[in-house]
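Trainee:
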Ligand code: DX5
Ligand code: ZN
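Numbering (this note's numbering), first residue to last: 41 to 261.
Below, the structure written as structure tokens:
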């Protein structure tokens, strides 16, 4: 499977965003990961609906929306997305998961289900046909700069094996949280193929983005 990088835009330098986006385009970045936090599902606030609109206009890189919001069944309608974008909803925040995934696809986007570290893979059993991707949280969502929860590595491997052996090998596995160069290599070996690059890799003070991206590509391929 193609290995892809999705930079965590909450970690980007907001005062230099235009230049950073140009650099990411030049480096062939596949997605822009947008963390939406509502202060209820996770104890933090981050990017929102207007930011998504502006980013859609500012770049042709598809967006990778990560909705860390409660009652996502209703809030899903607040966000603008379409062809080529990925939209991840959390299993823990959604009552009608199948309906929400189908709604995402009906707008031309790709549907992803996000699972917190403590959420079992069993939740996937009945909805595999509705999924384009699965987001495995490798930290508890809410903040950048946390440490990897080690048992999530084995979870990725178990998921890759489960998908492959049930005829769903085309489903992407995205990983989010402490995707350092070292952890990215392990996650890639376990079967992940979309990597959220945050403060652990691409966004390190004093290191050009292109350098971090090249190092991350080397780790995952
Ligand atoms: C929350 C975010 C964080 C973060 C990732 O969902 O996506 O996980 O920005 O970057 P790190 O963990 O490297 O700071
Ligand atoms: Zn995220």
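Ideal Cβ positions, reconstructed from N, Cα and C, are used throughout, including at glycine.
Identify whether residue 188 lies in helix, strand or coil by the three-state DSSP scheme.
Mentor: The residue you call residue 188 lines up with position 148 of the chain shown. Coil, per DSSP.
Trainee: Judging by CA-CA distance, which residue of 152, 101, 104 and 61 is the nearest neighbour of residue 137?
Mentor: Mapped onto the chain shown, residue 137 falls at position 97. Out of 152, 101, 104 and 61, 152 has the C-alpha closest to the C-alpha of residue 137.
Trainee: Evaluate residue 247 with the Cβ neighbour count: other Cβ atoms within 10 Å of its Cβ, from every protein chain shown; 16 or more gives buried, anything less gives exposed.
Mentor: Sequence index remark: in the chain shown, residue 247 carries index 207 (1-based). It counts as exposed.
Trainee: Between which two residues does the alpha helix (DSSP H) carrying residue 60 extend?
Mentor: Locating residue 60 in the chain shown gives position 20, where the first residue counts as 1. Where residue 60 is concerned, the enclosing alpha helix (DSSP H) stretches over 57-66.
Trainee: Could you tell me if the beta carbon of residue 48 falls within a distance shorter than 7 Å of some heavy atom in ligand 2?
Mentor: Along the chain shown, one-based indexing puts residue 48 at 8. At least one heavy atom of ligand 2 is nearer than 7 Å to the Cβ of residue 48, so yes.
Trainee: If distances are taken between C-alpha atoms only, which option among 186, 120 and 77 comes closest to residue 93?
Mentor: Counting from one through the chain shown, the residue named residue 93 turns up at place 53. For the residues 186, 120 and 77, the minimum Cα distance to residue 93 belongs to 120.
Trainee: Check whether the stretch 163-176 touches the stretch 116-134, counting contact only when three or more Cβ pairs, one atom from each stretch, lie closer than 8 Å.
Mentor: Yes, the stretch 163-176 is in contact with the stretch 116-134.
Trainee: Would the beta-carbon of residue 130 be found less than 7 Å away from any heavy atom of ligand 1?
Mentor: To locate residue 130, count along the chain shown from 1; it is residue 90. No, Cβ of residue 130 sits at least 7 Å from all heavy atoms of ligand 1.
Trainee: Any chance you could list the beta strand (DSSP E) runs of at least 3 consecutive residues sitting entirely within the stretch 117-153, in chain order?
Mentor: If we require 3 residues or more, the beta strand (DSSP E) runs fully inside the stretch 117-153 come out as 126-130.
Trainee: From residue 43 to residue 102, what distance separates their C-alpha atoms?
Mentor: Working through the chain shown from its first residue, we reach residue 43 at position 3. Working through the chain shown from its first residue, we reach residue 102 at position 62. Near 15 Å, if we compare the C-alpha coordinates of residue 102 and residue 43.
Trainee: Assuming residue 113 and residue 89 form a contact by the criterion Cβ under 8 Å, report the distance between their Cβ atoms to the nearest whole angstrom.
Mentor: Taking the chain shown and counting its residues from 1, one reaches residue 113 at position 73. Taking the chain shown and counting its residues from 1, one reaches residue 89 at position 49. Actually they are not in contact, since the Cβ atoms of residue 113 and residue 89 sit about 17 Å apart, beyond 8 Å.
Trainee: Go through its chain and collect everything with a Cβ distance to residue 190's Cβ below 6 Å, but skip five positions before and after it.
Mentor: As a position in the chain shown, residue 190 is number 150, starting the count at 1. Answer for residue 190: no residue qualifies.
Trainee: Nearest-angstrom Cα distance between residue 225 and residue 62?
Mentor: Within the chain shown, numbered from 1, the residue matching residue 225 stands at position 185. Within the chain shown, numbered from 1, the residue matching residue 62 stands at position 22. Computed Cα separation, rounded: 26 Å.
Trainee: Could you name the residues whose beta carbon sits closer than 5 Å to any heavy atom belonging to ligand 2, keeping them in chain order?
Mentor: Those residues are 75, 106 and 216, given in chain order.
Trainee: Indicate whether residue 237 and residue 219 have their beta-carbon atoms separated by less than 8 Å.
Mentor: For this step, residue 237 is matched to residue 197 along the chain shown. For this step, residue 219 is matched to residue 179 along the chain shown. Yes, these two residues count as a Cβ contact at 8 Å.
Trainee: At a threshold of 7 Å, does residue 180 count as lining ligand 1 (C-beta to nearest heavy atom)?
Mentor: As a working mapping, residue 180 is identified with position 140 in the chain shown. Checking the Cβ of residue 180 against ligand 1 gives no.
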